[in-house]
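Enquirer: In our numbering, the protein residues as written are 2 to 285. Yeah, the Cβ is synthetic: ideal placement off N, Cα and C, and Gly gets one too. Encoded as structure tokens, here's the structure I'll be asking about.
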Amino acid sequence: MIPVLDIGGTHVTAALVDPARAVVAARRRDPLLPHGAAEHILGAVLGCAAALPEPPDGVWGVAVPGPFDYAGGIARYEGVGKFDSLYGVDMRAALLAGLPGRPAGVVFLNDAHAFLVGEWHAGAARGHRRCVGITLGTGVGSAFLDGGRVCRAGPGVPPDGRVDLLTLHGRPLEETVSRRAILAAYGDRDADVADIAARARSGEERAGRVLGDALRDLGSVLAPALDSFGASGLVVGGSMAGSWDLVGPALRAGLGPVTAAVTAAALGADAPLLGAAHAAAGSR
2 MIPVLDIGGT HVTAALVDPA RAVVAARRRD PLLPHGAAEH ILGAVLGCAA
52 ALPEPPDGVW GVAVPGPFDY AGGIARYEGV GKFDSLYGVD MRAALLAGLP
102 GRPAGVVFLN DAHAFLVGEW HAGAARGHRR CVGITLGTGV GSAFLDGGRV
152 CRAGPGVPPD GRVDLLTLHG RPLEETVSRR AILAAYGDRD ADVADIAARA
202 RSGEERAGRV LGDALRDLGS VLAPALDSFG ASGLVVGGSM AGSWDLVGPA
252 LRAGLGPVTA AVTAAALGAD APLLGAAHAA AGSR
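Take a look at the structure:
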């Protein structure tokens with residue numbers, strides 16, 4: 002079993018994973034306060050890890066959102082609305098000092114990368130040599146894989162594999178496709194994206210138009226990248242993928258003639274845990 006952590010904006014999950022069988026054998030999920038002091042955030046992460054039953058010695062895999070120095074293990078959060086207190090903190094040193102057992106090391110990887118690696122090994126991206134993954138939630142996360150390996154450059158791959166760095170009509174993509182952008186376009190302060198999706202299903206024209214426009218725009222931005230990269234599959238995860246009956250058709254329409262198969266993620270919260278376990282296993 003490989004011990005892993007998935008650190009999100011509002012929660013942390015610790016788990017023991019068997020990557021060979023794609024099994025999450027034990028799991029603990031705790032809330033996380035992204036605006037708390039560094040010691041409180043780290044304390045919550047370590048407390049979650051300590052609750053695992055007899056975590057084995059060895060290398061931990063840790064999925065964490067950017068901006069982050071993944072090789073150095075240093076947090077680089079600044080002005081992104083979360084984890085500002087962790088800026089400059091050596092997360093590797095902090096985890097090695099506080100994790101239970103005798104950790105042999107800590108391997109960090111981007112949470113969107115972990116998501117797609119997990120889906121590639123045992124989920125919706127299985128069987129695709131080249132594939133792209135998108136996570137839709139607060140923002141837009143992305144990953145490009147070739148044979149299970151993360152691509153950060155090359156034909157069709159945006160800088161560091163980040164589609165959020167792409168632009169639409171001269172503006173950053175996340176000004177069109179993100180929770181904040183969709184809520185702003187809808188204009189109801191009391192509604193969240195799930196409410197807008199429910200209203201779209203009930204036939205409300207404005208809700209359907211706002212969601213449809215955002216997702217078609219996303220498809221139009223992704224289409225050239227998918228084509229140039231030679232992806233045979235696009236896997237969509239994140240909270241918005243839960244409304245796949247609305248997301249799928251609009252995104253597919255925006256992609257136009259691109260032939261890549263477009264599917265919703267299959268593994269849910271297990272995907273980044275499995276991806277983190279494979280990263281840790283590959284570091285041995």
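Taking the alpha carbon of V65 as the reference point, which residue from E206, P159, G188, F116 has its own alpha carbon closest?
Expert: On the sequence shown, position 64 is the one that residue 65 refers to. When only C-alpha atoms are compared, the closest one is F116.
Enquirer: Would you give the residue range spanned by the beta strand (DSSP E) that C132 belongs to?
Expert: To locate residue 132, count along the sequence shown from 1; it is residue 131. First-last of the beta strand (DSSP E) with C132: 131–137.
Enquirer: Among A272, V211, G269, S221, whose alpha-carbon lies nearest the alpha-carbon of L247?
Expert: For the purposes of this step, residue 247 is identified with residue 246 of the sequence shown, where counting begins at 1. L247 has its Cα closest to that of V211, out of A272, V211, G269, S221.
Enquirer: Whose C-alpha, out of D161, L33, W245, A195, is nearest the C-alpha of A267?
Expert: Within the sequence shown, residue 267 is the residue found at index 266, counting from 1. It is W245.
Enquirer: May I ask which residues mark the beginning and end of the alpha helix (DSSP H) holding P159?
Expert: The residue labelled residue 159 in the question sits at position 158 within the sequence shown. First-last for P159: undefined, no H or E at that position.
Enquirer: Would you grab the beta carbon distance between A15 and A52 for me? Rounded to a whole angstrom, and I think it's under 8 Å.
Expert: As a first step, residue 15 must be located in the sequence shown, where it is residue number 14. As a first step, residue 52 must be located in the sequence shown, where it is residue number 51. Rounded, the Cβ-Cβ distance is 7 Å, consistent with contact.
Enquirer: So, at 6 Å on beta carbons, what are the nonlocal neighbours of D7 in its own chain, with the 5 sequence-adjacent residues on each side left out?
Expert: In the sequence shown, counting from the first residue as 1, residue 7 sits at position 6. Here the set comprises T14, A64, P273, L274.
Enquirer: Using beta-carbon positions only, say whether L235 and A261 come within less than 8 Å of one another.
Expert: If you number the sequence shown from 1, residue 235 lands on position 234. If you number the sequence shown from 1, residue 261 lands on position 260. Cβ distance < 8 Å, so L235 and A261 count as in contact.
Enquirer: Is it a yes or a no for the region 94–107 touching the region 137–146, going by three-plus beta-carbon pairs under 8 Å?
Expert: As far as the Cβ criterion goes, the region 94–107 does not touch the region 137–146, which means the pair count is below three.
Enquirer: The alpha helix (DSSP H) spanning D271 covers which residue range?
Expert: Reading the sequence shown from its first residue, position 270 is the one you call residue 271. Here the alpha helix (DSSP H) through D271 covers 271–283.
Enquirer: Under the DSSP definition of a beta bridge, which residues are partnered with G143?
Expert: Walking along the sequence shown from the start, residue 143 turns up at place 142. For the record, residue 143 in the displayed sequence is Ser; it is not Gly. Partner(s): I135.
Enquirer: Note down the Cα distance separating D161 from G209, rounded to an integer number of angstroms.
Expert: On the sequence shown, position 160 is the one that residue 161 refers to. On the sequence shown, position 208 is the one that residue 209 refers to. Their Cα atoms are separated by approximately 33 Å.
Enquirer: In angstroms with no decimal places, state the Cα-to-Cα distance between C49 and D31.
Expert: Here the question's residue 49 lines up with position 48 in the sequence shown. Here the question's residue 31 lines up with position 30 in the sequence shown. One C-alpha to the other measures close to 6 Å.
Enquirer: Quick check on the burial criterion: 16 or more other C-beta atoms within 10 angstroms. Buried or exposed for A72?
Expert: Numbered from 1 along the sequence shown, position 71 holds the residue referred to as residue 72. Exposed, because fewer than 16 other Cβ atoms sit within 10 Å of the Cβ of A72.
Enquirer: Between G283, S221, G243, which lies nearest to A254 when the distance is taken from Cα to Cα?
Expert: Stepping through the sequence shown from its first residue, residue 254 is reached at position 253. Ranking G283, S221, G243 by Cα distance to A254 puts S221 first.
Enquirer: Starting from L6, trace the alpha helix (DSSP H) in both directions and tell me its first and last residue.
Expert: Against the sequence shown, residue 6 aligns to sequence position 5. Here L6 belongs to no alpha helix (DSSP H); instead the beta strand (DSSP E) covers 3–8.
Enquirer: Shortest alpha-carbon distance to A199 belongs to which of D112, P35, A105, M241?
Expert: For the purposes of this step, residue 199 is identified with residue 198 of the sequence shown, where counting begins at 1. Nearest C-alpha to A199: M241.
Enquirer: So what does V24 bridge to, in DSSP terms?
Expert: Within the sequence shown, residue 24 is the residue found at index 23, counting from 1. Paired residues: D19.
Enquirer: Roughly how many whole angstroms lie between the Cα atoms of D70 and Y78?
Expert: Translated into positions along the sequence shown, residue 70 becomes position 69. Translated into positions along the sequence shown, residue 78 becomes position 77. Rounded to the nearest angstrom, the two C-alpha atoms are 10 Å apart.
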